[in-house]
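Participant: Numbering (the UniProt record's numbering), first residue to last: 1 to 327. Where a beta carbon is used, it is the ideal one built from N, C-alpha and C, also for glycine.
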């Protein structure tokens with residue numbers, strides 16, 4: 001297949017709402033040594049791109065956003081991959097330091113690509129990269145989860161929350177997931193949750209009642225708006241890991257007094273490892289998905305031409321799973 005000279009891309013010139021994403025035709029980039037040119041087949045959307053769009057990231061505009069991509073290798077000057085190889089890539093400066101994946105083609109560092117062999121659809125494989133890295137890394141790098149333990153997923157209907165519950169359940173972990181909406185209880189139960197708690201902002205007492213004094217570990221996806229309550233959900237020697245900010249707040253409300261806010265012998269940490277993608281066992285996880293041992297929930301799919309509506313859906317938390325854009 002001949003590489004075209006131009007491509008469709010969604011470019012942002014200044015921060016703001018979804019309407020700031022402008023579709024235009026741009027030259028297809030040329031990969032430098034150590035880089036590869038990808039023909040993009042699927043793009044998983046991430047909330048960090050929402051924050052970048054809003055102007056909260058140190059990004060120089062104009063910029064093509066997108067911190068992950070799934071596609072086919074179009075060219076690799078140094079021969080790290082063969083043309084036609086299926087690869088998944090994430091982070092490494094994509095969409096921030098250099099133009100990212102909201103396009104039909106993009107150049108990425110070869111060292112940031114994982115070659116994948118599978119029969120999954122582009123839609124499902126496109127949902128996997130950053131979502132599985134965050135879920136897997138949060139569970140096993142930060143929280144060091146073990147079979148037989150109990151886990152609270154705070155923000156259970158997020159794409160990472162659904163993936164984390166599914167992964168944890170498959171590893172023999174009892175999962176408690178939260179949602180603010182009663183009608184989403186079925187979604188959580190279908191994706192690995194053993195217990196569902198309706199989240200009104202203060203759930204510690206109910207969690208402790210349901211699972212015998214609290215959980216061993218907490219994966220905090222809402223962020224600072226629920227973090228203090230999540231700390232109270234953990235048992236002695238428990239760990240709370242913040243990995244998301246669905247609550248759209250970067251700071252804790254009011255003064256933070258660690259000796260008061262953090263229960264005795266409970267640990268607070270974060271998972272935000274920019275190098276964690278390449279250590280994520282993505283091929284093995286994809287094989288579990290193919291075998292039906294692990295479920296990945298794609299909430300909504302959009303064409304690249306509909307990137308503005310895709311961002312509106314992400315802004316309003318309407319997806320019920322991972323949002324995937326198909327160029």
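Quick check on the burial criterion: 16 or more other C-beta atoms within 10 angstroms. Buried or exposed for residue 260?
Facilitator: In the chain shown, the residue the question calls residue 260 occupies position 260. Classification for residue 260: exposed.
Participant: If I measure Cβ to Cβ from residue 20 and keep anything under 8 angstroms in the same chain, skipping five residues before and after, which residues do I get?
Facilitator: Counted from its first residue, the chain shown places residue 20 at position 20. Excluding sequence positions up to five before and after residue 20, its CB lies within less than 8 angstroms of the CB of 12, 13, 14 and 53, all in the same chain and listed in chain order.
Participant: Closest to residue 33 by CA distance: which of 266, 108 and 233 is it?
Facilitator: Position 33 of the chain shown holds residue 33. For residue 33, the nearest C-alpha among the options comes from 108.
Participant: Considering only the beta carbon of each residue, do residue 87 and residue 65 sit closer than 9 angstroms?
Facilitator: The sequence position of residue 87 within the chain shown is 87, counting from 1. The sequence position of residue 65 within the chain shown is 65, counting from 1. Not in contact: residue 87 and residue 65 (Cβ atoms no closer than 9 angstroms).
Participant: Which two residues bound the contiguous alpha helix (DSSP H) that contains residue 312?
Facilitator: The sequence position of residue 312 within the chain shown is 312, counting from 1. 307–315 is the span of the alpha helix (DSSP H), which, as asked, contains residue 312.
Participant: Is the beta carbon of residue 269 less than 9 angstroms from the beta carbon of residue 233?
Facilitator: For the purposes of this step, residue 269 is taken as the residue at position 269 of the chain shown. For the purposes of this step, residue 233 is taken as the residue at position 233 of the chain shown. Not in contact: residue 269 and residue 233 (Cβ atoms no closer than 9 angstroms).
Participant: Can you check the region 146–191 for any alpha helix (DSSP H) of at least 4 residues that lies completely inside it and give the ranges in chain order?
Facilitator: 159–170 and 185–190
Participant: In the structure shown, what three-state DSSP assignment does residue 213 receive?
Facilitator: Position 213 of the chain shown, counted from the start, is the residue given in the question as residue 213. Residue 213 falls in the coil class under three-state DSSP.
Participant: What are the start and end residues of the beta strand (DSSP E) that includes residue 97?
Facilitator: Locating residue 97 in the chain shown gives position 97, counting from the first residue. Note, residue 97: premise wrong, no beta strand (DSSP E); not H, not E.
Participant: Identify every run of the alpha helix (DSSP H) within the region 50–134, keeping only runs that are complete inside it and at least 4 residues long; order them along the chain.
Facilitator: Taken in chain order, the complete alpha helix (DSSP H) segments of 4 or more residues contained in the region 50–134 are 122–126.
Participant: Pull up the distance between the alpha-carbon of residue 204 and that of residue 298, whole angstroms please.
Facilitator: Taking the chain shown and counting its residues from 1, one reaches residue 204 at position 204. Taking the chain shown and counting its residues from 1, one reaches residue 298 at position 298. If I take the Cα positions, the gap works out to 30 angstroms.
Participant: Report all residues from its chain with a CB closer than 6 angstroms to the CB of residue 114; omit the five preceding and five following residues, and keep chain order.
Facilitator: Here residue 114 corresponds to residue number 114 of the chain shown, with the count starting at 1. Excluding residues within five positions, the ones whose Cβ falls inside 6 angstroms are 88 and 282.
Participant: Of all the options 26, 186 and 196, which has the alpha carbon lying nearest to the alpha carbon of residue 104?
Facilitator: As a first step, residue 104 is located in the chain shown; it is residue number 104 there, counting from the start. Relative to the Cα of residue 104, the nearest Cα in the group 26, 186 and 196 belongs to 26.
Participant: Measuring CA to CA, which of 180, 170, 189 and 271 is closest to residue 226?
Facilitator: Numbered from its first residue, the chain shown carries residue 226 at position 226. For residue 226, the nearest C-alpha among the options comes from 180.
Participant: List the DSSP bridge partners of residue 327.
Facilitator: Here the question's residue 327 lines up with position 327 in the chain shown. Per DSSP, none; premise fails for residue 327.
Participant: Kindly indicate the opening and closing residues of the alpha helix (DSSP H) around residue 282.
Facilitator: Position 282 of the chain shown holds residue 282. 282–290 is the span of the alpha helix (DSSP H), which, as asked, contains residue 282.
Participant: CA-CA distance, residue 74 and residue 7?
Facilitator: In the chain shown, counting from the first residue as 1, residue 74 sits at position 74. In the chain shown, counting from the first residue as 1, residue 7 sits at position 7. Their Cα atoms are separated by approximately 13 angstroms.
Participant: Do you know offhand how far residue 143's Cα is from residue 292's?
Facilitator: Translated into positions along the chain shown, residue 143 becomes position 143. Translated into positions along the chain shown, residue 292 becomes position 292. Between residue 143 and residue 292, the C-alpha separation is close to 25 angstroms.
Participant: Below 7 angstroms CB to CB, which residues in the same chain sit around residue 59 once its five sequence neighbours on both sides are set aside?
Facilitator: The residue you call residue 59 lines up with position 59 of the chain shown. Excluding positions up to five away in sequence, the list reads 52 and 96.
Participant: Residues bridged to residue 301 by DSSP?
Facilitator: By 1-based counting over the chain shown, the position of residue 301 is 301. Bridge partners of residue 301: 324.
Participant: Give the secondary structure of residue 27 by DSSP, where H, G and I count as helix, E and B as strand, and everything else as coil.
Facilitator: For the purposes of this step, residue 27 is identified with residue 27 of the chain shown, where counting begins at 1. Strand, per DSSP.
Participant: Evaluate residue 237 with the Cβ neighbour count: other Cβ atoms within 10 Å of its Cβ, from every protein chain shown; 16 or more gives buried, anything less gives exposed.
Facilitator: In the chain shown, counting from the first residue as 1, residue 237 sits at position 237. Result: exposed.
Participant: Determine whether the beta carbon atoms of residue 302 and residue 325 lie at a separation below 9 angstroms.
Facilitator: Counting from one through the chain shown, the residue named residue 302 turns up at place 302. Counting from one through the chain shown, the residue named residue 325 turns up at place 325. Result yes, Cβ atoms of residue 302 and residue 325 sit closer than 9 angstroms.
Participant: Only counting runs of 4 or more residues, tell me where the alpha helix (DSSP H) segments fall wholly within the region 232–271, in order along the chain.
Facilitator: 258–261
Participant: Would you give the residue range spanned by the beta strand (DSSP E) that residue 41 belongs to?
Facilitator: For the purposes of this step, residue 41 is taken as the residue at position 41 of the chain shown. Here the beta strand (DSSP E) through residue 41 covers 35–44.
Participant: Thinking C-beta only, is residue 192 closer than 9 angstroms to residue 222?
Facilitator: In the chain shown, the residue the question calls residue 222 occupies position 222. In the chain shown, the residue the question calls residue 192 occupies position 192. Not a contact, by the Cβ cut-off of 9 angstroms.
Participant: Return the CA-CA distance between residue 327 and residue 255, expressed in angstroms with no decimal places.
Facilitator: The count along the chain shown starts at 1 and reaches residue 327 at position 327. The count along the chain shown starts at 1 and reaches residue 255 at position 255. In this structure, the CA atom of residue 327 is about 45 angstroms from the CA atom of residue 255.
Participant: Let me confirm a value: residue 35 is counted as buried when at least 16 other C-beta atoms fall within 10 Å, else exposed. Which label applies?
Facilitator: Position 35 of the chain shown, counted from the first residue, corresponds to residue 35. Buried: at least 16 other Cβ atoms inside 10 Å.
Participant: When you compare each of 126, 287, 46 and 57 to residue 70 by their alpha carbons, which one comes out closest?
Facilitator: Within the chain shown, the letter at position 70 stands for residue 70. Among 126, 287, 46 and 57, the Cα nearest to that of residue 70 is on 126.
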